[in-house]
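Structure, as C-alpha cells:
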C-alpha cells in the first residue's frame, strides 16, 4: 500500500475490548493510576539540551547517519596498508502501524502520534494519513530481525524518541516477572535507547515515568519484524533474565497497548 508514500506494518493484538450490555466504568478496572491522586506533567517536544553522544552502531540502529569524522592536526604518521572491511548492508523500513485483532483479523486502527494523559501509546485512528510514523533498520541478510529499536519519527517528544515499553505500575506481589498466572504487564510508551537484551531498566528513561512520576522500568529493543508478513511482534525480557511468551493486548478501558 503506497498511496501515502508509506507502507503500513501490523501489530497483531489480542483483544481485551469490553463487550456486553453497557457495563459501568467501575466494572472494569483501569491499569493506570487514578489521575486525581497524582500530578500529571507535560513533556516538551524537544529536550532543549545536548544529548549524550552515541556510537555509530547506536545511530545505525535508530536509522541515523554516522558521526562525522574528526580532523586532527599534528604530525603525519605513515603506516602500513590497512585492509578496510565494508559494513554489512542494512535495510531501513519506514511505516505506519496498523493494529489488528489476532482472532479474526479485524482492524482496530492505526496508532496515533500522541500519548494518552499517562504518556502511553494506544490511541487509535481509522485512517493512515497522519498516523504515527516509525522507522527501524536491520541487516539486509537477516531473515528474522529481532531486538530492534523503533524510532517514532513524528512522535510526541524527541526527549523519549523510541517506541518502547515500560512495566505496569501495580506489580503482582513481590515478583516483577511476566508469565503465566501473573497479572504483571508492560505497556507501550516512549523511551530512550536501552541496550538490546537488557532487563527492565529504572530511571528517567520513559514517558510514563516522566508524566506520572511513578517508577516504571523500561526496555526499548524488544521488537521483532517479519519481512514476509510485515508483522511487528515483541519479546520482553524479565528482571530475572527469562524471556516469557509476549502478547500484545489492546485494553479498551484505558485505550492502551
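In the working numbering, the protein residues as written are 2 to 258.
Glycine residues also receive a C-beta, built at the ideal position from the N, C-alpha and C atoms.
Secondary structure note for residue 135: its beta strand (DSSP E) is the uninterrupted segment 134-140. Between the alpha carbons of residue 141 and residue 180 lies a gap of roughly 33 Å. Distance from the CA of residue 194 to the CA of residue 222, rounded to the nearest whole angstrom, comes to 8 Å. Closest in alpha carbon position to residue 117, among 36, 247, 152 and 246, is 36.
With respect to the C-alpha of residue 258, the residue from 44, 41, 107 and 125 having the closest C-alpha is 125.
Here residue 33 is not near residue 164, since their CB atoms are 7 Å or more apart. In the DSSP assignment, residue 212 falls within the unbroken alpha helix (DSSP H) covering 208-213. Along the length of the stretch 231-256, whole beta strand (DSSP E) runs at least 3 residues long occupy 232-235 and 250-252, reported in chain order. Closest in alpha carbon position to residue 207, among 157, 253 and 245, is 157.
Note that the C-beta distance between residue 240 and residue 200 is below 7 Å. Counted as a single uninterrupted DSSP element, the stretch harbouring residue 122 is not any beta strand (DSSP E), since DSSP gives it neither H nor E.
Under the 10 Å beta carbon count, residue 106 is surrounded by fewer than 16 other beta carbons and is classified as exposed.
Minimum Cα-Cα distance from residue 197 among the listed residues 204, 183 and 236 corresponds to 236. Here DSSP, grouped into helix, strand and coil, assigns residue 191 to strand.
Going by DSSP, residue 108 is part of the beta strand (DSSP E) stretching over 108-112. For residue 102, the enclosing beta strand (DSSP E) has its first and last residue at 91-102.
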